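Taking it in order: structure first as structure tokens, then the write-up.
Number of protein chains: 4
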Amino acid sequence: MGEAAPGERRQRTDKQRNRTHILEVAQRFFAEQGISGSMDAIAKQAGVGPGTLYRHFPNREALLAALLQAREEELEARRVAIKHEVTDSRTALAQWLQALSEWATAFDGLPEPLRAALTENTSPLALTCQGYITITDEFLHAAQRDGSAKPWVRGRDLFLSTLATAWARSAALADESSPDALSALVRSGWEAPTKEATPHSDTSPSRP
Amino acid sequence: MGEAAPGERRQRTDKQRNRTHILEVAQRFFAEQGISGSMDAIAKQAGVGPGTLYRHFPNREALLAALLQAREEELEARRVAIKHEVTDSRTALAQWLQALSEWATAFDGLPEPLRAALTENTSPLALTCQGYITITDEFLHAAQRDGSAKPWVRGRDLFLSTLATAWARSAALADESSPDALSALVRSGWEAPTKEATPHSDTSPSRP
Amino acid sequence: MGEAAPGERRQRTDKQRNRTHILEVAQRFFAEQGISGSMDAIAKQAGVGPGTLYRHFPNREALLAALLQAREEELEARRVAIKHEVTDSRTALAQWLQALSEWATAFDGLPEPLRAALTENTSPLALTCQGYITITDEFLHAAQRDGSAKPWVRGRDLFLSTLATAWARSAALADESSPDALSALVRSGWEAPTKEATPHSDTSPSRP
Amino acid sequence: MGEAAPGERRQRTDKQRNRTHILEVAQRFFAEQGISGSMDAIAKQAGVGPGTLYRHFPNREALLAALLQAREEELEARRVAIKHEVTDSRTALAQWLQALSEWATAFDGLPEPLRAALTENTSPLALTCQGYITITDEFLHAAQRDGSAKPWVRGRDLFLSTLATAWARSAALADESSPDALSALVRSGWEAPTKEATPHSDTSPSRP
DNA sequence: AATGAATGAGCTTTCATTCAT
DNA sequence: GATGAATGAAAGCTCATTCAT
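Chains as they are written, first to last, in UniProt numbering: chain A, 1 to 208; chain B, 1 to 208; chain C, 1 to 208; chain D, 1 to 208.
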């Protein structure tokens, strides 16, 4: 419904504003209630009719995709930053996976459609996933060239592990150390052993 | 039917038979359609009213728990077998995790409620999970005592990783090598390095 | 199972009562608003949830069919009465068509699905229509044997004309004489000419 | 087109062209899909926004009316032709009704709003209908003067019968002979009997 | 204990029409 | 005059669960 805007109203600008507004609301909504909430509820919360919501985003996945796209540049920035600032390929890959992990944990339930997108190419999320797999592969290949990642690991596997770890997160949260433990597990999975016995003592949680 | 039989005994028998029958049908149903199908459909397929279904199992989770309990002795047998036949603690743990993995993959969608049960103690699945975590811990401790598992890993983490891997399965299936790759990833995560460079060359997929 | 058993099973009674209640409400609703009103509105008016409505009648057509079935015995009574009381086959046919006409005019918009049912055998109304066509054929054949109906007319045609006339009714109502005029038109269509010049002067509206 | 021309004229031209184009598209659309299709779809197919469509035609009925008006001259030509070429008033009326029938069958579902227009004088179709009723009356009166149409029939009734017959068409199509049968029925309804027993043996389907 | 009828919020989607720009 | 975004009611239908019988 009408905001405080006086006199001046809808146009193309307004469409953008509306779209943005919906995205903001959806962002909040999904972040708070998880991605399973009703589309109608989002529309209502955004103060628009369901028709308007559907005009902008023909279905839940499209809305999700738009939401993730908004975070795309964030991730891209992260990628560039790592690329430029981290010279150690091992750490670079680790940090990228960390970034991916945070991305996939943005909303409760997000990993599920992401996983589904990996097999259904029709999903609007499929492209996004593919892109990130490619990036993962780049970091991975660099690490493999350096001998700091096992040669038999593939980017797709790492991406999927990241999703899986993100998926496990909600359960892990109840037990603080678990998320880290899982990540460490995965990390020491792809990481090639160094000369020392414990390859990544820096990440393995020190516990009594 | 049975008019002359004592009411109580007949009813008891009927109830047992009903319960068993429902379980059989649900087993088939979940195995075929995944765990998301409608409860009504299960009831109908079992030839009982939804009320009867709910009397035996107050909700979907309870039904699931009963179904998993039915497989409990199978898993227990597996545990005993491994305990007795496998002397190598590393292999023992690996085989136990493999058994768990198969168990969690029995129905499409099963990992989800299992994960949820880890945080909600109210779930009828929680007890089951706890039991398996304990067993996992036993195998893990043995391996850790032998120096064949990293000391910082916990049974809960391994259990959760197994669920996560099972969860990722459905996406991985489209790409044959992935399931193995994920398992290998996790395994080389908990496994302590041996003298050789590749710690578990037996499971790591040899790829050009 | 026990039909008349008192006290033991009241569910059936309740279901019946509910069903009957829904039918009564739907009857009123359709009669007042035409058959296009929303199913949900009917449910609400009947004081039940939409699920209950759909449990009894899986779709609008089924509800309509049930409503018409309720009037079936009325029509059957009419048929028997005509059969027994009217010896003149010409008048008999005319009265039967009149009965059909009233039946098809029960609700505004009813002729449409009836017509559709004539071509789609899947409709629950199809059977009803077929039955009435058969009856019409019986009356028609009798009239044709007597030479009081044209030999080239078929029961199906008469049924369809009746529907068409009923369909035209709503427009005709604004102009009192039209309904009769249309019926007369159709009647003098099927009627074989008598010796007199005006074959059915009894029905033709005398107008200045 | 003339860019240098005064804005007003260009706009006018554009408007005209737009209107014509919409009509063409709507004609095709209704002819193919029936009159129930979505207005949006028509606008889209015409390459204009729904607003433009509604500016030209404030609602579906108006669009329909414009479409029928376009066919008006066709019907008028038909009228004139019959008037001049057919001396027999009986045949003339028959041919005119045939023309009307074709007109009302142009789009699937057309009879419905036409009928509605007969009672709602507010409809933009009302005028069109009135005109054709008048014409029908002319032909009818001529035939009645010649004694080849029953004196009690009115133009409005014939018009309505024509609509009703057109309405019944869709059901009748599944059964080839019916449309003719219905027309014959109506014809032998208004037609005054000749000396021969079968008044319009030319149209009555000869069947064993 | 069994039954299955009832509930009713929930879902996604469509579309005629309005109206600000 | 054209545009197309916005509206928002309405549709049909599902289903986990409750509860009266």
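Heads up, the beta-carbon is just placed ideally off N, CA and C, and yes, glycines get one too. Keep in mind it's a predicted model, so treat the numbers as computed, not measured.
Using beta-carbon distances, Ala104 of chain B does not count as an interface residue toward chain A, since no partner is under 8 angstroms.
Rounded to whole angstroms, the Cβ separation of Leu140 of chain B and Leu93 of chain B is 6 angstroms, and the two are in contact under 8 angstroms.
At a beta-carbon threshold of 8 angstroms, the residues of chain B lying near Asp157 of chain A are Ser178, Ala181, Leu182, Leu185, ordered along the chain. Interface flag for Ser161 of chain A against chain B is set, since a Cβ pair is found closer than 8 angstroms. Contact between the region 86 to 105 of chain B and the region 52 to 60 of chain B is absent: fewer than three C-beta pairs spanning the two stretches fall below 8 angstroms.
Runs of the alpha helix (DSSP H) lying entirely within the region 129 to 176 of chain B and spanning at least 4 residues, in chain order: 155 to 172. Neighbours of Ser38 of chain D across chain C, judged by C-beta separation under 9 angstroms, do not exist; the nearest C-beta is about 17 angstroms away.
Contact check between the region 154 to 173 of chain D and the region 126 to 134 of chain D: three or more CB pairs, one atom from each, fall below 8 angstroms, which counts as touching. Counting only Cβ-Cβ distances below 7 angstroms, Thr165 of chain A has contacts in chain B at Ala164, in chain order. Among the CB atoms of chain A, one or more fall inside 8 angstroms of the CB of Arg115 of chain B. Shown here for Glu120 of chain C: same chain residues with a beta carbon closer than 8 angstroms to its own, the five before and five after excluded, namely Ala126 in chain order. Listed by position along chain B, the residues whose Cβ is nearer than 8 angstroms to that of Val153 of chain A are Ala181, Leu185. By the Cβ test, the region 29 to 45 of chain B is in contact with the region 106 to 114 of chain B, since at least three Cβ pairs between them sit closer than 8 angstroms. The beta carbons of Ala164 of chain D and Trp96 of chain C sit no closer together than 8 angstroms. Going by C-alpha positions, Glu73 of chain A is about 21 angstroms away from Gly155 of chain A. One finds Ala184, Leu185, Val186, Arg187, Ser188, Gly189 in chain D with Cβ atoms closer than 8 angstroms to the Cβ of Gly189 of chain C, taken in chain order. Taking all protein chains in view, the Cβ of Pro151 of chain B is surrounded by fewer than 16 other Cβ atoms within 10 Å, so the residue is classified as exposed. For Ala65 of chain D, the closest Cβ of chain C is not nearer than 8 angstroms. Counting only residues of its own chain and dropping the five nearest sequence neighbours on each side, Phe29 of chain A has a CB closer than 8 angstroms to the CB of Gly37, Ala41, Ile42, Gln45. Against chain C, the CB of Pro193 of chain D has a partner CB under 8 angstroms away; the residue lies at that interface. Between Glu112 of chain C and Ser148 of chain C, the C-beta gap is not smaller than 8 angstroms, which leaves the two residues out of contact. Contact annotation, Leu182 of chain C with Val153 of chain D: C-beta distance approximately 10 angstroms; criterion of less than 8 angstroms not satisfied. Taking the CA atoms as reference points, Ala26 of chain D sits about 16 angstroms from Lys15 of chain D. Taking 8 angstroms as the cut-off, the Cβ atoms of Ala142 of chain B and Ser89 of chain B count as close. Here Ala117 of chain A is buried: its Cβ has 16 or more other Cβ atoms, across all protein chains shown, within 10 Å. The beta carbon of Ala66 of chain A is closer than 7 angstroms to those of Leu23, Phe57 in its chain, skipping five residues each way along the sequence.
Annotation for Glu112 of chain B: the continuous alpha helix (DSSP H) segment containing it runs 111 to 119.
With its beta carbon less than 8 angstroms from one in chain B, Ala168 of chain A belongs to the interface.
In this structure, Pro50 of chain A sits away from Pro193 of chain B, with a CB-CB distance that is not shorter than 8 angstroms.
Between Ala77 of chain D and Ala171 of chain D, the alpha-carbon positions lie close to 30 angstroms from each other. Of the candidates C:Thr136, C:Arg145, C:Thr52, C:Ala62, the residue whose Cα lies closest to the Cα of Val80 of chain C is C:Thr136. Rounded to whole angstroms, Gln144 of chain A and Ser123 of chain B show a C-alpha spacing of 44 angstroms. Between Met39 of chain C and Arg60 of chain C, the gap from beta carbon to beta carbon is short of 8 angstroms. Annotated as distal: Thr13 of chain A and Leu68 of chain A, with beta-carbon spacing of 8 angstroms or more.
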